[in-house]
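Notes follow the structure.
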Amino acid sequence: MSTYQVPTLAEMAAASKTPEILFWVGCAGSFDERYKIVTQAFVKILNKVGVSFAVLGPEEACTGDPARRAGNEFLFQMQAVANIQVMNAYEVKKVVTACPHCFNTIKNEYPALGGNYEVIHHSQFLQQLIHEGKVVLQGGGEFKGKKITFHDSCYLGRANEVYEAPREVIQALDVELVEMKRCKSKGLCCGAGGAQMFKEPEPGAKDINIERTEEALATGAQAIAVGCPFCLTMMTDGIKNKERESDVQVVDLAELVAKRMGI
Amino acid sequence: MALVAFGQQKMFARPIPALLHALLYVGFLVINLEVFEFVLDGLLGTHRVLAPTLGKAYVFAINGFEFLAFGVLISCVILLFRRYVLRLARFTKPELKGWPRLDATLILVIEMVLMCAILTMNAADQVLANQAVSPYLPLQTLFLSSQIQPLLQGWSTEEVLILERGAWWFHILGILGFAVYVTFSKHLHIFLAFPATWYSNLRAKGEMESMPEVTKEVQLMLGIATTSEPAPSEMGRFGAKDINDLSWVNLLQAYACTECGRCTSECPANLTGKKLSPRKIMMDVRDRVEEVGKSIDAGGKGLEDGKSLLGDYISKEELNACTSCNACVQACPISLDPLSVILQMRRYVAMEESGTPAQWNTMFQNMETSFSPWKFSPSDRFNWAEKVKEEEMK
């Protein structure tokens, strides 16, 4: 038996190998205790399926998304241009990421700065793997037959119109997918986008994540599935605020799939 | 795009107002054909000049106009009911206080009065035709206006004649007057919605427009300048402080907005009681353009009047509350983009004023020093892999 492998592009290049995809981990995927579990789940899937991949490891830096949305274009471009230099030096062609903010930035905003890659979100990648029969889901699982709702992240949904891929992944899990009142193009933000993740909200009547959590709880789902590290944090905080941690989980798509693969 | 502008595709996300709006829209377009005959009659001194040539088709058309006029009338009543009796949340927001509310009400009332004039005119016209008064021509049944005719029983021919002429003049003068009023009103929407849709953004909504003037600086700083061109000696302003920093498409959109408030009703910040309202952003842009324009017309200081869009119209608190979620852009039936204005103004605040909230400044510092919005050592970035690399693959 061998252990899971997480090769870096630097190691691959040293061995004169070129991976098919770069897995862009992102800052939350690298540093956030909760989202690190998602990153680990996703690399386990990649290993299990035998996808030729690599990560940048210590050479990765923030895409610059929050700086740009907060108005600091200089800082954004400093990050972006540096990242593009690294990726172009490794001749990266295809990028997969579990963060919709990284996904949107690399896909839509790096081309203007000389970074042209095929970029897909991990929900799309998982959908493809399931579709191609490469991911084999075992029967049962803790959510079998139970209700799961999917929270659309703005940067995956409205920003890039990816609505079906995450839903198809959930439906493949033999669970009951229930929709919130506001979903897909009408989905309500978790409150973290536009660099809100990094500051307190402005004064108001309520926090946005509480509003969204109430809507998710109203579906009666036992789990809220997300495809974004910021949404994961915001919805988890919302569930804690409502003191429902014991009966409602907030989980990422990659975790759901990895569990059902028995890894 | 044609579906959005002419077919009102995005309106049908909310079917009831979409139906009412469609009646007004079709009514406006079709009834204006009758105004064409009004103008011909007025200029040639004729009466119903097209009736003899078109024959049955004319009666059919007039009946069509009447049904549409009635539809418009009913729609206006329902729309006023929604505003004043149901008091839908999006019509009671603070930015609608004063003129915007009066403007909205005037538009609906004027449209109702104009439609009443058409129906009254047709009713009187046929009463006169039945009395064989020249030059009135009997038309086969006009289903709707004939319902009003009993009200005119007992009126003398002169009185009915005055009523008919009065309604005719009222309608034509009303329409022409309304056309002038529209240019001072949010109702300019009826013309500018089309070019605004034409120029709307068709790329992925998540993409923020790049700033090439910054790229040059960044490349110089990173020592990878691709051209030997010297940097321009005088840099323009970064981001938007006032209307002249925005693009003309932003300004066109501000004038195309009819203040329906779908954007605001789906804005997560507004829904949770924050000050931000995307509709107010559009209204503020237009109001500031109007203020500057009037000042220039009066020989005043224009843009140099000591005021600006940022501060005097839109506060930082509003800008900072935006989650850039694009719900407003998605909700707008003509794809106007309040987010574009917000993000350009944020750029001004961040790059020209260094006026971003303290927590954002900390995030900037973290990104500069450790390439992550959080304060972690870059050398720890790959630590997550250690655990999984030790795990046996199942």
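Same order as they appear, the protein sequences are chains F and Y.
Residue numbers for the first sequence follow numbering that gives the first Met the number 0, so the first one is 0 and each next one is one higher.
Residue numbers for the second sequence follow numbering that gives the first Met the number 0, so the first one is 0 and each next one is one higher.
Glycine included, C-beta positions come from ideal geometry on N, C-alpha and C.
Non-local C-beta neighbours of Y:M362 in its own chain, meaning closer than 6 Å and more than five positions away in sequence, comprise P372, ordered along the chain. For Y:E290, the enclosing alpha helix (DSSP H) has its first and last residue at 277-296.
Proximity of F:Y162 to chain Y, defined by a Cβ-Cβ separation below 9 Å, is not satisfied. Per DSSP, the unbroken alpha helix (DSSP H) holding F:I169 starts and ends at 163-170. Identification of residues in the stretch 201-214 of chain Y having a C-beta nearer than 7 Å to some C-beta of chain F yields A203, K204, G205, E206, M207, S209, M210, V213, T214, given in sequence order. Interface with chain Y (9 Å Cβ-Cβ cutoff): F:I44 is excluded. Inclusion of F:H150 and F:A215 in the CB contact set at 9 Å is warranted, their separation being smaller than that value.
Distance between Y:V159 and Y:A166, taken at the CA atoms: about 10 Å. Non-local C-beta neighbours of Y:R287 in its own chain, meaning closer than 6 Å and more than five positions away in sequence, comprise I242, L308, Y312, ordered along the chain. Y:W247 carries a helical assignment under DSSP once its states are collapsed to helix, strand and coil.
Of Y:I189, Y:V248, Y:F11, Y:K92, the smallest CA-CA separation from Y:S199 is found for Y:V248. The stretch 138-153 of chain Y makes no contact with the stretch 88-108 of chain Y; the number of CB pairs closer than 8 Å stays below 3. Close CB contacts of F:V168 within its chain, under the 8 Å cut and outside five residues either way in sequence, are with S122, L125, Q126, I129, L252, L255, V256 (chain order). Taking the Cα positions, Y:A1 is about 42 Å away from F:G28. Under the Cβ criterion of 9 Å, Y:A166 is not counted among the residues facing chain F. Beta-bridge annotation (DSSP): Y:E391 is paired with F:T2. If you draw a 10 Å sphere on the C-beta of Y:I15, you find fewer than 16 other C-beta atoms in it, and that means exposed. If you draw a straight line from the Cα of Y:E289 to the Cα of Y:E258, it comes to about 16 Å. Segment contact: the stretch 55-62 of chain F against the stretch 369-385 of chain Y, three or more CB-CB distances shorter than 8 Å; contact assigned. When C-alpha distances from F:L176 are compared across F:K241, F:P165, F:K185, F:V50, the shortest belongs to F:P165. Looking at Y:G310, Y:P211, Y:L201, the one whose alpha-carbon comes closest to that of F:P110 is Y:P211. Proximity of F:D206 to chain Y, defined by a Cβ-Cβ separation below 9 Å, is satisfied. Taken through DSSP and simplified to helix, strand or coil, F:E117 comes out as strand. Runs of the alpha helix (DSSP H) lying entirely within the stretch 26-112 of chain Y and spanning at least 4 residues, in chain order: 50-53, 55-83. Beta-bridge analysis with DSSP links F:Q248 to F:A222. A Cβ-Cβ distance of about 18 Å is found for the pair Y:M120 and Y:C75, leaving them out of contact under the 8 Å criterion.
For the pair F:Y154 and F:F102, the CB atoms are nearer than the 9 Å cut-off. As computed with DSSP, Y:I333 is found in no beta bridge at all. With fewer than 16 neighbouring CB atoms inside 10 Å of its own CB, Y:N31 falls in the exposed class. About 11 Å separates the beta carbon of Y:A253 from that of Y:R278, a gap too long to meet the 8 Å contact definition.
For the stretch 99-129 of chain F, the beta-carbon criterion of a distance under 7 Å to any beta-carbon of chain Y is satisfied by N103, N107, E108, A111, L112.
Residues I109 of the same chain have their beta carbon placed closer than 6 Å to that of Y:F177, with the five preceding and five following residues left out of the count. Nearest Cα to Y:G70 within the set Y:L19, Y:E36, Y:R47: Y:L19. Taken atom to atom, the span from the alpha-carbon of F:K239 to that of F:D31 is near 18 Å.
Closer than 9 Å to the CB of Y:G238 there is at least one CB belonging to chain F. Boundaries of the beta strand (DSSP E) around F:V94: 93-96.
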